[in-house]
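Asker: For reference, each letter of the sequence shown is one residue, going 593 to 836 in this note's numbering.
Attaching a single structure in structure tokens format; questions to follow.
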Amino acid sequence: MNRDERQKPWGDGEDYNRYIVSELSSFRKDAWKRQIGEHLEGRKGLKILDAGTGPGFFACILSEEGQQVTAIDYSDAMIACARNNAKKLGVSAQFKKMDLNWLDFQDEEFDVIVTRNVTWTLEYPEQVYREWKRILKKNGLLLIYDANWHLHFFDENRLKRVREREERYFRRYGQKEIVAVKNMEFFAAAPLTSTLRPEWDREILEKYDMDVRIQDNIGENIYEEWEKDLYGESPLFEICAKKL
């Protein structure tokens with residue numbers, strides 16, 4: 593599966609962009625600023641890489657906080673959405689088309705790298721983590737936000753619980769939602785879809801001599817109630833890894 597084929601599940605980005613636009617106008621924007629801000633300790637003007645920016649949520653909110661943000665994504669549609677969202681908010685960030693698996697940055701270029709719901713898609717995660725360490729400055733931070741989004745397709749009991757949540761969601765909200773569409777060809781090309789995390793991440797990052805701290809289920813502070821109901825089998829985690 594080549595890189596362009598790996599982008600197909602996201603289509604033109606319209607659905608994801610609608611979700612991001614709703615986040616930018618909800619309590620979640622400030623909730624995310626607090627979550628990330630705890631690690632930045634009030635520092636401004638940091639050089640931050642938003643890795644896999646999608647429609648630009650992190651790029652926008654971190655630019656609002658006075659950071660110097662470079663945001664990358666391989667999808668032209670996502671980059672277009674991100675630029676438009678930044679323009680609407682009146683913030684500036686540098687947007688570039690780039691494949692996360694093949695980064696084009698100098699050594700020790702960034703103070704912080706942030707990424708959300710991206711690492712599970714990586715074709716070569718160990719290589720990407722090694723590259724992220726390379727482009728971080730000494731004492732720089734890697735902030736990963738992700739979940740075991742598709743592990744239920746590899747675990748029958750977990751899949752049953754996910755489907756039960758979907759039914760409860762329908763009864764409560766009157767809307768049919770599917771947590772994830774089965775796409776085993778894509779999942780087979782993305783090894784972390786079947787890997788229990790963040791345990792795997794800790795092992796790899798510590799192998800690269802990074803100091804790793806993990807927060808489980810940060811969705812309790814960031815998600816709306818419907819998200820907690822629907823995504824409860826895949827709690828959102830935070831990995832904070834410092835380059836020593």
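Think of the CB as a built atom: it goes at the ideal place given N, C-alpha and C, for glycine as much as any other residue.
At the level of alpha carbons, what is the spacing between Tyr765 and Ala663?
Answerer: Here residue 765 is taken as the residue at index 173 of the sequence shown, counted from 1. Here residue 663 is taken as the residue at index 71 of the sequence shown, counted from 1. Distance between the alpha carbons of Tyr765 and Ala663 is about 35 Å.
Asker: For Leu751, I'd like the list of residues in its chain whose CB is within less than 8 Å of its CB, leaving aside the five on either flank, ordered along the chain.
Answerer: One-based indexing of the sequence shown puts residue 751 at position 159. Residues His744 and Phe745 of the same chain have their beta carbon placed closer than 8 Å to that of Leu751, with the five preceding and five following residues left out of the count.
Asker: Which runs of the beta strand (DSSP E), 3 residues or longer, sit entirely within the stretch 758–827?
Answerer: 802–807
Asker: Pairing CB atoms from the stretch 790–809 with CB atoms from the stretch 752–760, are three or more of them under 8 Å?
Answerer: Between the stretch 790–809 and the stretch 752–760 there are fewer than three C-beta pairs closer than 8 Å, too few to call the two in contact.
Asker: Taking Ala643 as part of the beta strand (DSSP E), name the residues at either end of that continuous run.
Answerer: On the sequence shown, residue 643 is found 51 positions in, with the first residue counted as 1. It spans Lys639 to Ala643 - the beta strand (DSSP E) in which Ala643 sits, taken as one unbroken run.
Asker: Nearest-angstrom Cα distance between Asp665 and Ala739?
Answerer: To locate residue 665, count along the sequence shown from 1; it is residue 73. To locate residue 739, count along the sequence shown from 1; it is residue 147. Roughly 19 Å between the two C-alpha positions.
Asker: Could you give the DSSP three-state label for Phe687: helix, strand or coil?
Answerer: Taking the first residue of the sequence shown as 1, we reach residue 687 at position 95. In the structure shown, Phe687 sits in a strand (DSSP, three-state: E or B).
Asker: Can you look up Glu656 in the DSSP assignment and give me helix, strand or coil?
Answerer: As a position in the sequence shown, residue 656 is number 64, starting the count at 1. In the three-state reduction of the DSSP assignment, Glu656 falls in the helix class.
Asker: Could you tell me the distance, in whole angstroms, from the CA atom of Ser614 to the CA atom of Gln698?
Answerer: What you label residue 614 is simply residue 22 of the sequence shown in a count that begins at 1. What you label residue 698 is simply residue 106 of the sequence shown in a count that begins at 1. C-alpha separation (whole angstroms): 35 Å.
Asker: Which of helix, strand or coil does DSSP assign to Arg635?
Answerer: Your numbering for residue 635 matches position 43 in the sequence shown. Three-state result, Arg635: coil.
Asker: Drop a sphere of 10 angstroms on the beta-carbon of Gly605, count the other beta-carbons inside from all chains shown, and report buried for 16 or more, exposed for fewer.
Answerer: The residue you call residue 605 lines up with position 13 of the sequence shown. Answer is buried; the Cβ neighbour count reaches 16.
Asker: For the candidate residues Glu723, Trp624, Thr711 and Leu714, whose alpha-carbon lies nearest to that of Leu654?
Answerer: If you number the sequence shown from 1, residue 654 lands on position 62. Comparing Cα positions, the closest option is Trp624.
Asker: Are three or more beta carbon pairs between the stretch 809–825 and the stretch 616–632 nearer than 8 Å?
Answerer: yes
Asker: Specify the secondary structure class of Val706 as computed by DSSP and reduced to three states.
Answerer: Taking the sequence shown and counting its residues from 1, one reaches residue 706 at position 114. Three-state result, Val706: strand.
Asker: Report the three-state DSSP secondary structure of Asn731 (helix, strand or coil).
Answerer: Here residue 731 corresponds to residue number 139 of the sequence shown, with the count starting at 1. In the structure shown, Asn731 sits in a strand (DSSP, three-state: E or B).
Asker: Relative to the alpha-carbon of Glu630, which residue among Gly824, Ile810, Leu714 and Leu822 has its alpha-carbon at the smallest distance?
Answerer: Taking the first residue of the sequence shown as 1, we reach residue 630 at position 38. Of the listed residues, the one whose Cα sits closest to Glu630 is Ile810.
Asker: Ignore the nearest five residues each way along the sequence and tell me which others in Lys636's own chain have a CB closer than 8 Å to its CB.
Answerer: Here the question's residue 636 lines up with position 44 in the sequence shown. So the qualifying residues of the chain are Glu657, Gly658 and Gln659.
Asker: Classify Ile612: buried if its beta carbon has 16 or more other beta carbons within 10 angstroms, exposed otherwise.
Answerer: Counted from its first residue, the sequence shown places residue 612 at position 20. Buried is the call here.
Asker: I'd like the span of the alpha helix (DSSP H) that includes Glu615, first residue to last.
Answerer: Walking along the sequence shown from the start, residue 615 turns up at place 23. Element bounds for Glu615: Glu606 to Leu616.
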